[in-house]
């Protein structure tokens, strides 16, 4: 699959089939994530992979924004101790790093026929308890993975957000 | 009375958990996520009624409408509000019976 096709084909998937993701594919997805760039090469991220159905159910109960029955969850976290090395911008930088890592993962997943959806609406307190995430590690984003029964249609893209040379000057007439 | 383990796995408890975590989430989330969580909870409640054999086709239709259109919140505020009005009209038909 061509890169452009992967980038434009990926969708937020909120319905999944009852089908497990092979471990080898899960590994490829996670591997793609940790090959993302990170500010000052700090790699202040941590990723908790959840494939156990019972635990996924429990996390769903604490995550109002998590739709469907995904086969796998990846919880992206910031290791605050490691992020401190980035100074005052360490934490926001780590947030961007986690986002870039997840984009890699979602694109890799799509190339393998696996859908995904980022979820911000979850209860951090409960999630930390369930997954025994230590104090210095902050979960910031969940991404669900699974096989979609269909690929949703793409929403309209705002082309006006691209400016050429100066703000307000259209990139394309 | 049910034991705790059984209760924790029940759909009713899942709904309870959804409501509590939604309440906390709504403090920080976009304004329209409040109505989204409410209609999502309504769909979950209808599912419970369906499993218990208590749902009628009219009630199931409400759930189907919610599942079909709740995600419009991600794309268009106008469409989402129009969907909520449509849902209200469907509910009104039931209330008038």
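Chains as they are written, first to last, in our numbering: chain A, 85 to 257; chain B, 203 to 299. Every residue, glycine too, gets a C-beta built ideally from N, C-alpha and C. Since the structure is predicted, the reported quantities are computational estimates derived from the model, not experimental observations.
- Assignment of residue 205 of chain B by DSSP, reduced to helix, strand and coil, places it in the coil class.
- Per DSSP, reduced to three states, the secondary structure at residue 136 of chain A is coil, with no helix or strand assignment.
- Where residue 282 of chain B is concerned, the enclosing alpha helix (DSSP H) starts and stops at 279-297.
- Scanning its chain for C-beta atoms nearer than 6 angstroms, with the 5 sequence neighbours on each side dropped, one finds around residue 274 of chain B the residues 281, 282, 285, in chain order.
- At a cut-off of 8 angstroms, the C-beta of residue 216 of chain B has a neighbouring C-beta in chain A.
- Residues 99, 101 of the same chain have their beta carbon placed closer than 7 angstroms to that of residue 233 of chain A, with the five preceding and five following residues left out of the count.
- In summary, the residues of the region 246-278 of chain B whose CB is separated from some CB of chain A by less than 8 angstroms are 273, 276, 277, in the order they occur in the chain.
- The region 127-141 of chain A makes contact with the region 153-169 of chain A; the number of CB pairs closer than 8 angstroms reaches 3 or more.
- Nearest in C-alpha terms to residue 168 of chain A, of all of A/183, A/191, A/129, is A/129.
- Using a Cβ distance threshold of 8 angstroms, residue 207 of chain A and residue 236 of chain B do not count as a contacting pair.
- Counting every other CB atom within 10 Å of its CB across the protein chains shown gives residue 229 of chain B a total below 16, marking it as exposed.
- Burial check for residue 256 of chain B: the Cβ neighbour count within 10 Å stays below 16, so the residue is exposed.
- Here residue 229 of chain A carries a strand assignment [DSSP, helix/strand/coil].
- Contact check for residue 239 of chain A against residue 277 of chain B passes: the beta carbons are separated by less than 8 angstroms.
- The region 106-117 of chain A and the region 187-196 of chain A touch, with three or more beta-carbon pairs separated by less than 8 angstroms.
- Excluding five sequence positions before and after residue 214 of chain A, the CB atoms of its chain that fall closer than 8 angstroms to its own CB belong to 139, 142, 143, 146, given in chain order.
- Counted as a single uninterrupted DSSP element, the stretch harbouring residue 176 of chain A is not any beta strand (DSSP E) but the alpha helix (DSSP H) occupying residues 174-195.
- Here residue 289 of chain B is actually not in contact with residue 247 of chain B; their C-beta atoms are around 14 angstroms apart, not less than 8 angstroms.
- In the structure shown, residue 254 of chain A falls within a strand segment according to DSSP collapsed to helix, strand and coil.
- Close to chain B, meaning a Cβ-Cβ distance shorter than 7 angstroms, are the following residues of the region 188-208 of chain A: 205, 207.
- At least 8 angstroms separates the CB of residue 183 of chain A from every CB of chain B.
- Within the DSSP secondary-structure output, residue 96 of chain A pairs in a beta bridge with A/200.
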